[in-house]
């Protein structure tokens, strides 16, 4: 794999199996004696003042997500959060973790930030290192990528441990075309076409969490 090419675009087989405002009540206070005959007027005034409510503060609008394009990098990309299900050493936990790993990879493609992927990936995963290294290089010098969104239509596992304690997960990965932009909006290389591939993940549960040990294409 060259440093400019999406690793998933080079695979050849698709796996068939594989988210108060508070109101301030104003009260009136009248110091001194109330003149005879004015009690009803005074009470009415107090009630009127008590009904006065300060307007609720206008909520600050949430930052709006904007995908990357020729004009600039993606903005306000949501950071994937590990789902509770992915914390359990169960079949459901393994599948949830696998989906989360690809969400982190999606985030890396959109932002160039590979730290989330690397935290949950063994440095011995050669293809994983190639992917993160390629992304880091393609984002260097204030460059960026547009497109490349990953989806995983199929994620399956028998949940049967290998002799080394790892589990295999079959994942179908579809990736949109990728464009590569330099500062100013010019493309510094030709786009990578979309791909639809199959992969085997080797995942291990250790130290209370799942970790990816290997990512291998199904050829």
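Numbering (the working numbering), first residue to last: 3 to 221.
No residue lacks a Cβ here, since even glycine has one placed at the ideal position from N, Cα and C.
Can you tell me which of the three DSSP states residue 152 falls into?
The residue given as residue 152 occupies position 150 in the chain shown. In the structure shown, residue 152 sits in a strand (DSSP, three-state: E or B).
Leaving aside the five residues before and after residue 98 along the sequence, list all residues of the same chain whose C-beta is less than 7 angstroms from its C-beta, in chain order.
Position 96 of the chain shown holds residue 98. Cβ within range, chain order: 85, 87 and 88.
So for residue 189, helix, strand or coil by DSSP?
Position 187 of the chain shown, counted from the first residue, corresponds to residue 189. Strand at residue 189.
Would you kindly report the start and end of the unbroken beta strand (DSSP E) that includes residue 183?
As a working note, residue 183 is residue 181 in the chain shown. That run of the beta strand (DSSP E) goes 180-183.
Can you check whether the CB of residue 109 is closer than 9 angstroms to the CB of residue 140?
Reading the chain shown from its first residue, position 138 is the one you call residue 140. Reading the chain shown from its first residue, position 107 is the one you call residue 109. Cβ atoms of residue 140 and residue 109: not closer than 9 angstroms.
Under 9 angstroms between the Cβ atoms of residue 174 and residue 201?
Position 172 of the chain shown, counted from the start, is the residue given in the question as residue 174. Position 199 of the chain shown, counted from the start, is the residue given in the question as residue 201. Contact: yes.
For residue 238, name the three-state secondary structure that DSSP assigns.
The chain is shown from 3 up to 221; residue 238 falls before or after that span and cannot be answered.
Pick helix, strand or coil for residue 141, following the three-state DSSP scheme.
For this step, residue 141 is matched to residue 139 along the chain shown. Reduced to three states, the DSSP call for residue 141 is coil.
I need the DSSP call for residue 206, collapsed to helix, strand or coil.
As a first step, residue 206 is located in the chain shown; it is residue number 204 there, counting from the start. Of the three classes helix, strand and coil, the one that applies to residue 206 here is strand, per DSSP.
Under a three-way DSSP split, which group does residue 1 fall into?
The chain is shown only over 3 to 221; residue 1 falls outside these bounds and no answer can be derived.
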